[in-house]
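Peer 1:
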Amino acid sequence: MVASFAAPLFAENGAAVLLPERETVVHVELASSCPSEKQAGCTVTFRTAKGLYSIHSKWGVDILSNSRQQQLETGLPMGITGLQKHPSGHFFIGRYKTGEQARALLFFLGQPFASSPGHLLIVGFSSDGKPYVVFDKEEYELYAFRTDKSKAKLIGKATMSEAVLGDAEDEPQIATYDPYSVFLINANGRAELSQEESETYNRLHYVWAGPKSREDYYVLFRAGRRPFGLRANQIDHYMKTKVKR
54 MVASFAAPLF
64 AENGAAVLLP
74 ERETVVHVEL
84 ASSCPSEKQA
94 GCTVTFRTAK
104 GLYSIHSKWG
114 VDILSNSRQQ
124 QLETGLPMGI
134 TGLQKHPSGH
144 FFIGRYKTGE
154 QARALLFFLG
164 QPFASSPGHL
174 LIVGFSSDGK
184 PYVVFDKEEY
194 ELYAFRTDKS
204 KAKLIGKATM
214 SEAVLGDAED
224 EPQIATYDPY
234 SVFLINANGR
244 AELSQEESET
254 YNRLHYVWAG
264 PKSREDYYVL
274 FRAGRRPFGL
284 RANQIDHYMK
294 TKVKR
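Going from the sequence shown to this note's numbering is simple: count from 1 and add 53.
(1) With DSSP as the reference, label D269 as helix, strand or coil.
(2) So, for E249: in the same chain, excluding its five sequence neighbours on each side, which residues have a beta-carbon less than 8 Å away from its beta-carbon?
(3) For Q122, count neighbouring Cβ atoms within 10 angstroms of its own Cβ and tell me buried if that reaches 16, exposed if not.
(4) Under DSSP, the alpha helix (DSSP H) around I288 begins and ends at which residues?
(5) Using DSSP with H/G/I as helix, E/B as strand and the rest coil, what is L125?
(6) Quick check on N286: buried or exposed, where buried means 16 or more other Cβ atoms within 10 Å of its Cβ?
(7) Where does H258 fall in DSSP's three states?
(8) In this structure, how does DSSP classify S203 when only helix, strand and coil are distinguished?
(9) Measuring only the C-alpha atoms, how far is N241 from G94?
(10) Rounded to the nearest angstrom, how far is the Cβ of Y233 from that of Y271, given a contact under 8 Å?
(11) For the beta strand (DSSP E) that G104 lies in, which residues bound it at each end?
(12) Measure how close the beta-carbons of L159 and G171 come, nearest whole angstrom, since I'm counting them as under 8 Å.
(13) Evaluate the contact criterion for the region 129-144 versus the region 103-111: three or more CB pairs, one atom per stretch, below 8 Å.
(14) Under a three-way DSSP split, which group does S169 fall into?
(15) Going by DSSP in three states, T77 sits in which element: helix, strand or coil?
(16) May I have a chain-ordered list of the beta strand (DSSP E) segments no shorter than 3 residues that lie completely inside the region 131-178?
(17) Within 10 Å of its beta-carbon, does E76 have 16 or more other beta-carbons around it, so buried, or fewer, so exposed?
(18) What residues in its chain sit with their C-beta under 6 Å from that of A205, if we drop five residues either side in the sequence?
(19) At the level of alpha carbons, what is the spacing between L195 and I133?
(20) Can you give me the C-alpha to C-alpha distance between V187 and G277, rounded to a whole angstrom?
(21) Note down, in chain order, each residue of its chain lying with its Cβ closer than 6 Å to the Cβ of T212, except the 5 sequence neighbours on either side.
(22) What first and last residue would you give for the beta strand (DSSP E) that runs through P184?
(23) What span of residues does the beta strand (DSSP E) with L117 cover, start to end?
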């Protein structure tokens, strides 16, 4: 069975979702303080036929964007690759399998601030519908949730790149080096950083100069070409001799 949505049961701060784990219906409710400053924290309540459970995060979560204008104002995405937004707008849902068992994850996001990513809280469910924390980080920008026959993975960044040169679409742009990180959902249902997968992903889709952000290394972007890594002392020379040809 594939997870599907039930109609929202809470008018303002909650909703219901049908999970594939034993066809369990879970009612999800956000505390009224959740859509606020991330320092305020957030409690999410999960109610099933077997009990009432609460998960508290030290950082707030917020309502997802429903329009391009909201996205520009809040920095929260309208969509994320591999996830489906719940009709309530309170969370995304991702689906994957462990063996033949279909599983579901709920993704709660907090607003980014300035050049820092927002909060990401991911909740999974045991076979009887009891929730547990899969991932809970103060700052993590999720770009994609991907699955295959053997694994589910999170692809994102702990730090956001900042442009240091080039604003127009038709000119080269140089940004800070902030690599992607890849987390795998392990056999216990928790997200675990994979250095191997992270390096492979960056080499294929970005550049690779180590697992952490660097102040002495930058990334050059040019339309139709792969990103290119540059040390800080190479930028002026490269721009003069190659980019402007």
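We put the CB at the ideal spot given by N, CA and C, even for glycine. Being a predicted model, the structure only gives us computed values, none of them experimental.
Peer 2: Reading from the atomic positions:
(1) Under the three-state reduction of DSSP, D269 is assigned to strand.
(2) Same-chain partners within the cutoff: there are none.
(3) Per the 10 Å Cβ criterion, exposed.
(4) I288: member of the alpha helix (DSSP H) spanning 288-291, first to last residue.
(5) Correct three-state label for L125: helix.
(6) N286 comes out exposed.
(7) The answer is helix: DSSP assigns H258 an H, G or I state.
(8) Correct three-state label for S203: coil.
(9) Linking N241 to G94 through their CA atoms gives a straight-line distance of about 26 Å.
(10) That belief does not hold up - the Cβ atoms of Y233 and Y271 are roughly 16 Å apart, past 8 Å.
(11) Following the DSSP letters along the chain, one finds G104 inside the beta strand (DSSP E) bounded by residues 104-110.
(12) Going by Cβ atoms, the distance from L159 to G171 rounds to 16 Å, so no, they are not a contact pair.
(13) Under the three-pair Cβ rule at 8 Å, the region 129-144 does not count as touching the region 103-111.
(14) Three-state DSSP puts S169 in a strand.
(15) Looking at T77 - three-state DSSP - the assignment turns out to be coil, as it is neither helix nor strand.
(16) Runs found: 145-151, 154-162, 173-178.
(17) With fewer than 16 other Cβ atoms from the protein chains shown falling within 10 Å of its own Cβ, E76 counts as exposed.
(18) Once the five neighbours on either side are set aside, the close Cβ partners of A205 are Y149, I238.
(19) Approximately 8 Å, taken between the alpha carbons.
(20) Roughly 37 Å separates the two Cα atoms.
(21) Answer for T212: D231, S266, listed in chain order.
(22) Counting along the chain, the beta strand (DSSP E) containing P184 begins and ends at 184-190.
(23) For L117, there is no enclosing beta strand (DSSP E), as DSSP gives it neither H nor E.
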